[in-house]
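A quick write-up on the structure given underneath.
2 protein chains.
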Amino acid sequence: MELKELIKRHNLRPTSNRLEVLKFYRKAGKAVSHGELDAELGEQFDRITLYRTLKAFEDAGILHKVYDEKGIVRYSMCSHDCDNTQHQDNHIHFHCTSCEATFCIENVEIPQVQIPQNLIVESRYMVINGTCNNCKRA
Amino acid sequence: MELKELIKRHNLRPTSNRLEVLKFYRKAGKAVSHGELDAELGEQFDRITLYRTLKAFEDAGILHKVYDEKGIVRYSMCSHDCDNTQHQDNHIHFHCTSCEATFCIENVEIPQVQIPQNLIVESRYMVINGTCNNCKRA
DNA sequence: TTGCAAATGCAACAGTATTGCAAATAATTC
DNA sequence: GAATTATTTGCAATACTGTTGCATTTGCAA
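Residue numbers (the working numbering), protein chains in the order written: chain Z, 2 to 139; chain U, 2 to 139.
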């Protein structure tokens, strides 16, 4: 079970809570909100613990935050190994307006843009809304 | 006072509440959250009324929603006349990580991107985080 | 196996947002 | 201009999301 290793590598203790959460995220293959996580693991673990687990994973660089157009916060597994100093989630996110799923499009970089005023750019965030392949068929 | 006309044109009644809210948004020149609006006009108008006013303006196409990286919902005046069926806010938003201001960069379109899977694209949303000119000086 | 730091569960609380309903206000018709 | 109708507003209640403090438990290392 390499999830245990992943957690340890980021200087966190591999508790049963964290292992289950991470297992769920890996299985999900899409961004998952605290609410969705709680619906799945709420019987087993405390609501607040799940909040703290998500925060710990984000700080450690195991999960990264994703926002959809409605401002809903979700988390998704980092594909590259991020750390506590910097996330490398410089890819586009896709949000399906039909099933509300949000997932990362790992191999597409967010394009550079030319900004008129001389503002200092630190990071870029981009979401594409549309219909995913599942919902397209239906 | 052409704000009255603007409201009427979108089939809403130009009440004092709505006129004040719109006046505030025009003056602000940046995206404003409900909380910020309430801090300014909360003495005069009810908190819930302000929520409903924002919603009404959004539905009517007078304001459009803006999200920053923390998932905070703000509203900004639509430069082009939108309507209740579609918003045309296809421009980039800039968020200053120092003063937390968010504003529209009207004249820069969100770039097209090539998406690998055959997903159906409906709209694109982009936020650039950085430092605004005000905070740069400081 | 003992001692310490990290992690968890529970309770309380804070902030944001929505809904129902009655009262007030604006627009419409006569 | 008065009466009628529909919209808008304020208040109360409620729901959802997220955070903090503290006592207890758990994991890890000496």
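By construction, the Cβ of each residue, glycine as well, lies at the ideal position given by its N, Cα and C atoms.
Any Cβ of chain U within less than 8 Å of the Cβ of residue i?
| i | result |
| --- | --- |
| Arg138(Z) | no |
| Tyr76(Z) | no |
| Leu20(Z) | no |
| Asn12(Z) | no |
| Tyr26(Z) | no |
| Ile49(Z) | no |
| Gly30(Z) | no |
| Gly72(Z) | yes |
Under 8 Å between C-beta atoms, does residue i make it to chain Z?
| i | result |
| --- | --- |
| Tyr52(U) | no |
| Cys133(U) | yes |
| Ile63(U) | no |
| Val128(U) | yes |
| Ile8(U) | no |
Have a look at residue i and residue j and give me their C-alpha separation to the nearest angstrom.
| i | j | result |
| --- | --- | --- |
| Thr50(Z) | Val128(Z) | 29 Å |
| Thr16(Z) | Arg138(Z) | 40 Å |
| Tyr52(U) | Glu101(U) | 21 Å |
| Arg125(U) | Gln113(U) | 8 Å |
| Thr132(Z) | Asn119(U) | 10 Å |
| His65(Z) | Thr54(U) | 34 Å |
| Asn134(U) | Lys28(U) | 19 Å |
| Asn91(U) | Ser80(U) | 11 Å |
| Asp39(U) | Ser77(Z) | 34 Å |
| Glu110(U) | Val122(U) | 16 Å |
| Ala57(Z) | Gly72(U) | 19 Å |
| Leu42(U) | Ala61(Z) | 41 Å |
| Glu59(U) | Gln115(Z) | 29 Å |
| Val67(Z) | Asp69(U) | 11 Å |
DSSP on residue i, reduced to helix/strand/coil?
| i | result |
| --- | --- |
| Glu6(U) | helix |
| Val109(U) | strand |
| Glu22(U) | In the sequence under discussion, the amino acid at residue 22(U) is Val, which differs from the Glu named in the question. Correct three-state label for Val22(U): helix. |
| Asn134(Z) | helix |
| Glu41(U) | helix |
| Ile49(Z) | helix |
| Glu59(U) | helix |
| Thr98(Z) | coil |
| Thr16(U) | coil |
| His11(U) | coil |
| Lys31(U) | coil |
Is the segment 95-110 of chain Z in contact with the segment 101-111 of chain U, if contact means three or more CB pairs nearer than 8 Å?
No, the segment 95-110 of chain Z does not touch the segment 101-111 of chain U.
Stretch pair the segment 6-13 of chain U + the segment 29-40 of chain U: three plus CB contacts closer than 8 Å: Two segments are said to touch when three or more pairs of C-beta atoms, one from each, lie closer than 8 Å; by this definition the segment 6-13 of chain U does not touch the segment 29-40 of chain U.
To be precise: take each residue of the segment 96-114 of chain U, compare its Cβ to all Cβ atoms of chain Z, and keep it if any distance is under 7 Å. Which residues remain?
Close to chain Z, meaning a Cβ-Cβ distance shorter than 7 Å, are the following residues of the segment 96-114 of chain U: Thr98, Ile106, Asn108, Val109, Pro112, Val114.
Is there contact here, the segment 18-27 of chain U with the segment 41-50 of chain U, by at least three beta-carbon pairs under 8 Å? Below 8 Å, enough C-beta pairs join the segment 18-27 of chain U and the segment 41-50 of chain U to call them touching: three or more.
Tell me which residues of the segment 115-126 of chain Z have at least one Cβ-Cβ distance to chain U shorter than 8 Å, keeping chain order.
Flagged, chain order: Gln115, Ile116, Pro117, Gln118, Asn119, Leu120, Ile121, Val122, Glu123, Ser124, Arg125, Tyr126.
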